[in-house]
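Participant: Structure below; questions to follow.
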Amino acid sequence: MDFYDVIRTRRSIRSYAPNPIPEDVLNKVLEAARLAPSGHNRQPWHLVVVRDEEIKKRLMPACGNQKHVAEAPIVIVACGRKLKFNRGAYMGEMSFLMDVSIAFTHLILAARAEGLGTCWIGNFNNEQVKEVLKIPQDLNVVAITPLGYPKDVGFAEPGPRKTLQEITSVDKF
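Counting from 1224, one number per residue, gives the positions in the sequence shown under the working numbering.
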């Protein structure tokens, strides 16, 4: 699949078929995240791959009771570690948020290229998710996505977006 088609047709999927994800396909998606760039190549992320049905059900309340979290064959929880390093300027130890988000974006785009749906979950309770998954205290959850084959809807072009002129400037704002 052409890279620009992947970007153009990626969308949030909230209904998943029960079809299992082949191990080689999952590994391609995880490998895409592993290869993501990070500041000073510190790679401050850890991905928790959740397949257990009971654990997925326990995650759902921690994710705003979004049912598609428990419906997908797999849920991926992206965690990051605060860096004891000031990359510069105002980001400081919170720069892990940027690095994990880059890796997570790689993951969701690779998933789309493999015909898998994702839905970037931002509505979650960090402490509850950490408790359910036994995530160490020095890590924080950055993003969560169900991962699976779309059930009722397919991939499509996005809805209305701002024009390039509305979101870009040249030489100065």
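Every residue, glycine too, gets a C-beta built ideally from N, C-alpha and C.
Taking the straight line between their C-alpha atoms, what separation do you get for serine 1235 and proline 1260?
Facilitator: As a working mapping, residue 1235 is identified with position 12 in the sequence shown. As a working mapping, residue 1260 is identified with position 37 in the sequence shown. When rounded, the distance between both Cα atoms is 24 Å.
Participant: According to the Cβ coordinates, are alanine 1301 and leucine 1270 closer than 9 Å?
Facilitator: Counted from its first residue, the sequence shown places residue 1301 at position 78. Counted from its first residue, the sequence shown places residue 1270 at position 47. Result yes, Cβ atoms of alanine 1301 and leucine 1270 sit closer than 9 Å.
Participant: Looking at the strands, I want to know which residues DSSP matches up with histidine 1269.
Facilitator: The residue labelled residue 1269 in the question sits at position 46 within the sequence shown. Answer by DSSP bridge pairing, in chain order: Cys1302.
Participant: What are the complete beta strand (DSSP E) segments, minimum 3 residues, inside the region 1324–1372?
Facilitator: Entirely contained in the region 1324–1372, the beta strand (DSSP E) runs reaching 3 residues are, in chain order, 1362–1371.
Participant: Does DSSP classify serine 1318 as helix, strand or coil?
Facilitator: As a working note, residue 1318 is residue 95 in the sequence shown. Looking at serine 1318 - three-state DSSP - the assignment turns out to be helix.
Participant: If we ignore side chains and look at the alpha-carbon of each, how far apart do asparagine 1185 and valine 1364 end up?
Facilitator: Residue 1185 lies beyond the range of the chain shown here (1224 to 1396); nothing can be said about it.
Participant: State the Cα-Cα distance for the pair glutamine 1360 and alanine 1256, rounded to the nearest angstrom.
Facilitator: Position 137 of the sequence shown, counted from the first residue, corresponds to residue 1360. Position 33 of the sequence shown, counted from the first residue, corresponds to residue 1256. About 22 Å.
Participant: So, is leucine 1339 buried or exposed, given that buried needs 16 or more other C-beta atoms within 10 angstroms?
Facilitator: Numbered from 1 along the sequence shown, position 116 holds the residue referred to as residue 1339. Burial call: buried.
Participant: Any chance the region 1225–1244 sits against the region 1367–1381, with 3 or more Cβ pairs inside 8 Å?
Facilitator: Output reads yes: the region 1367–1381 touches the region 1225–1244.
Participant: Taking only the alpha-carbon atoms, compute the straight-line gap between lysine 1307 and leucine 1330 and give it to the nearest angstrom.
Facilitator: To locate residue 1307, count along the sequence shown from 1; it is residue 84. To locate residue 1330, count along the sequence shown from 1; it is residue 107. The alpha-carbon atoms of lysine 1307 and leucine 1330 are separated by roughly 26 Å.
Participant: Roughly how far, in whole angstroms, is the beta-carbon of glutamate 1337 from the beta-carbon of valine 1252, given that I think they are within contact range, below 8 Å?
Facilitator: Here the question's residue 1337 lines up with position 114 in the sequence shown. Here the question's residue 1252 lines up with position 29 in the sequence shown. Confirmed, Cβ separation roughly 6 Å.
Participant: Here's a check: name, in chain order, each residue in its chain whose Cβ is nearer than 8 Å to the Cβ of leucine 1362, leaving out the five neighbours to either side.
Facilitator: The residue labelled residue 1362 in the question sits at position 139 within the sequence shown. Hits under 8 Å: His1269, Cys1302, Gly1303, Arg1304 and Lys1353.
Participant: Per the DSSP calculation, isoleucine 1244 is bridged to which residue(s)?
Facilitator: Residue numbering aside, residue 1244 sits at position 21 when the sequence shown is read from its first letter. For isoleucine 1244, which the question treats as bridged, DSSP gives no partner whatsoever.
Participant: By a C-beta neighbour count over all protein chains shown, 10 Å radius and 16 as the cutoff for buried, is glycine 1345 buried or exposed?
Facilitator: The residue given as residue 1345 occupies position 122 in the sequence shown. Exposed, since its Cβ has fewer than 16 Cβ neighbours within 10 Å.
Participant: Quick one: grab the DSSP three-state call for isoleucine 1278.
Facilitator: Taking the sequence shown and counting its residues from 1, the one referred to as residue 1278 is at position 55. Three-state result, isoleucine 1278: helix.
Participant: Tell me the DSSP secondary structure of isoleucine 1236 in three-state form.
Facilitator: As a working note, residue 1236 is residue 13 in the sequence shown. In the structure shown, isoleucine 1236 sits in coil (DSSP, three-state: anything other than H, G, I, E or B).
Participant: Suppose contacts are defined by Cβ-Cβ distances below 9 Å. Is alanine 1295 in contact with proline 1369 by that definition?
Facilitator: Working through the sequence shown from its first residue, we reach residue 1295 at position 72. Working through the sequence shown from its first residue, we reach residue 1369 at position 146. Yes, the Cβ-Cβ distance between alanine 1295 and proline 1369 is below 9 Å.
Participant: Can you check which of these residues, Asp1225, Ile1244, Ala1240 and Leu1282, is closest to isoleucine 1358 by C-alpha distance?
Facilitator: To locate residue 1358, count along the sequence shown from 1; it is residue 135. Isoleucine 1358 has its Cα closest to that of Leu1282, out of Asp1225, Ile1244, Ala1240 and Leu1282.
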